[in-house]
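Participant: Numbering (the UniProt record's numbering), first residue to last: 1 to 322.
C-beta: ideal position from N, C-alpha, C; glycine also.
Since the structure is predicted, the reported quantities are computational estimates derived from the model, not experimental observations.
Sending over a structure as structure tokens; questions will come in a sec.
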Ligand code: NAD
Ligand code: UDP
Ligand code: UDP
């Protein structure tokens, strides 16, 4: 048993975090997963608990944390509008106070720290696709602001700790990601449509369905995060990680209906406030610096996600959640 790098994953019991922990264990890291189970779940990491190099700690990162680590992936934060808007003050707190604590920890331990930022820093963009240099179009007062502005402030903190204290930082701007272990009730379009289709309920399209998103499969995204963490110290990002394949919400609904073999009808509902019209990453920087691009086609990733939700619907825990 050789020496292993100690890595802290905040939000490790969440959707992305649980896949990241799994991946890091496979690469022989010593993984400390810190989570307060706000949106994450023990079910997501249950299969990792028997690994002696996996450790789970219940903790809220808005409070200080003293541990010894070599790398930090800071993923703790509710990610879907339903979740981040249910307690908006806590959302800003986890982005700001949580980042300050994790940056303080990185400064003390000289650990490298990666921030899970988001395409939401671009707000409702006026530029397509969005390069990292685009400064965004964010409404600081709207219902999405707690998340968008929280994540923007977190990026500011990362760059200030880097300039002022020499902390080694990496900032990933993550675009819509989907896959197994997404929350069944997070109101995201992929989980909603799959569950509606599997249960033969109407598929709810908000607005006319002509708004676009680009969906990245979770394994591709995790690969991008790990590659980013392993770049030279000079490279800080921000770097977009997402799938540039843009689809309309209507196309997504039709694809999911076809893949599930469902007879669900498609119904149209009002578009939520501040809902971005288009979103698509420009991933030239990730291609150049990380040699990364998504590999999993939408239909293939959707099939795996559909299988997951199909199993979920049969599981005891899921009945409590939906
Ligand atoms: P998630 O909700 O599944 O995971 C977030 C995890 O953080 C959960 O396990 C939750 O319990 C935990 N958490 C929340 N507040 C905490 C706190 N104060 N202390 C400790 N743990 C806390 O969401 P996800 O989709 O896995 O997102 C992970 C990260 O990636 C988030 O920072 C999110 O903003 C970012 N991101 C995700 C997407 C996406 O499409 N999934 C897109 C852009 C950015
Ligand atoms: N902090 C932490 N773990 C550490 C070191 C610091 O949680 O190992 C927290 C600490 O509570 C502080 C924050 O990180 O509030 C910022 O740390 P920094 O050293 O930048 O600030 P200071 O301690 O000088 O206020
Ligand atoms: N959406 C939809 N029906 C749903 C859930 C979402 O039409 O049941 C739409 C939503 O209005 C948005 C897009 O799908 O235009 C993506 O929504 P999601 O909440 O998944 O992600 P975000 O808006 O944060 O990109």
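I think residue 238 touches residue 71, with their Cβ atoms under 8 angstroms apart; what is that distance to the nearest whole Å?
Facilitator: Wrong, their Cβ atoms sit about 18 angstroms apart, outside the cutoff.
Participant: Run through the stretch 222–284 for me and flag every whole alpha helix (DSSP H) of 4 or more residues, listed as ranges in chain order.
Facilitator: Entirely contained in the stretch 222–284, the alpha helix (DSSP H) runs reaching 4 residues are, in chain order, 249–260.
Participant: When you compare each of 44, 42, 37, 69 to residue 59 by their alpha carbons, which one comes out closest?
Facilitator: Comparing Cα-Cα distances from residue 59 to each of 44, 42, 37, 69, the minimum goes to 37.
Participant: Given a threshold of 16 other Cβ atoms within 10 Å of its Cβ, counted over all protein chains shown, does residue 156 qualify as buried or as exposed?
Facilitator: When all chains shown are included, residue 156 counts as exposed.
Participant: Around the Cβ of residue 323, are there at least 16 other Cβ atoms within 10 angstroms (buried) or fewer (exposed)?
Facilitator: Nothing about residue 323 can be read from this structure; the chain reaches only from 1 to 322.
Participant: Comparing the CB of residue 273 with every heavy atom of ligand 1, is any distance shorter than 7 angstroms?
Facilitator: Not under cutoff, so the answer is no.
Participant: Helix, strand or coil for residue 177? Go by DSSP, reduced to three states.
Facilitator: Note: residue 177 maps to strand in three-state DSSP.
Participant: From 188, 122, 34, 282, pick the residue whose C-alpha is nearest to that of residue 253; which is it?
Facilitator: Of the listed residues, the one whose Cα sits closest to residue 253 is 188.
Participant: Do the CB positions of residue 172 and residue 241 come within less than 8 angstroms of each other?
Facilitator: Contact flag set, yes.
Participant: Starting from the Cα of residue 152, find the closest Cα among 116, 186, 184 and give me that residue.
Facilitator: Checked all of 116, 186, 184; the closest Cα to residue 152 is 116.
Participant: Rounded to a whole number of angstroms, what is the C-alpha to C-alpha distance between residue 63 and residue 179?
Facilitator: So the two alpha carbons sit approximately 30 angstroms from each other.
Participant: Could you give the distance in angstroms between the alpha-carbon of residue 273 and the alpha-carbon of residue 28?
Facilitator: Distance between the alpha carbons of residue 273 and residue 28: 44 angstroms.
Participant: Give a single yes or no on whether residue 36 has its beta carbon closer than 7 angstroms to a heavy atom of ligand 1.
Facilitator: Within the cutoff, so yes.
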